[in-house]
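These notes are about the structure you will find just below.
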Amino acid sequence: MLTMNYTITYYSAEVEAFGNGLFELRLKGQEGIARVFYCTLVGKRIVMLHSFVKKTPKTPPKERRIAETRMKEIKHDAR
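Using the working numbering, the letters of the sequence shown map in sequence onto residues 1251 to 1329.
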């Protein structure tokens, strides 16, 4: 596991409260459009959960389920 130190700053308390779910980052590369699902945790941590190259117009449900399962594991272990 690669660990890098970053500081996460929220614009407001409302934005911080919103940041407790699953997020998707979109990256355009040579192989196509890549997606990375991530979540934020207390302690100002960002955890990259799952990445894949998108080949269809919609995000495949399987890819989202993988990220959601991992997010639940991470949030359960963070308690």
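All C-beta atoms, glycine included, are put in the ideal place defined by N, C-alpha and C.
Item to check | Counted within 10 angstroms of its Cβ, other Cβ atoms place Phe1268 as buried (16 or more) or exposed | outcome: Taking the first residue of the sequence shown as 1, we reach residue 1268 at position 18. Per the 10 Å Cβ criterion, exposed.
Item to check | Heavy atom of the ligand GTP within 8 Å of Ala1317 beta-carbon | outcome: Although the ligand GTP was asked about, the structure shown includes no ligands whatsoever.
Checklist entry - Span of the beta strand (DSSP E) holding Ile1283? => result Working through the sequence shown from its first residue, we reach residue 1283 at position 33. Taken as a continuous stretch (DSSP letters only), the beta strand (DSSP E) holding Ile1283 covers Gly1282 to Leu1291.
Next on the checklist: Given this structure, state the Cα-to-Cα distance separating Tyr1261 from Asn1270, to the nearest angstrom.
Outcome noted: Taking the first residue of the sequence shown as 1, we reach residue 1261 at position 11. Taking the first residue of the sequence shown as 1, we reach residue 1270 at position 20. If you take the alpha carbons of Tyr1261 and Asn1270, they lie about 15 Å apart.
Next on the checklist: For Glu1318 and Phe1302, which I take to be in contact (beta-carbon distance under 8 Å), what is that distance rounded to the nearest angstrom?
Outcome noted: As a first step, residue 1318 is located in the sequence shown; it is residue number 68 there, counting from the start. As a first step, residue 1302 is located in the sequence shown; it is residue number 52 there, counting from the start. The pair is not a contact, with the Cβ atoms about 14 Å apart (cut-off 8 Å).
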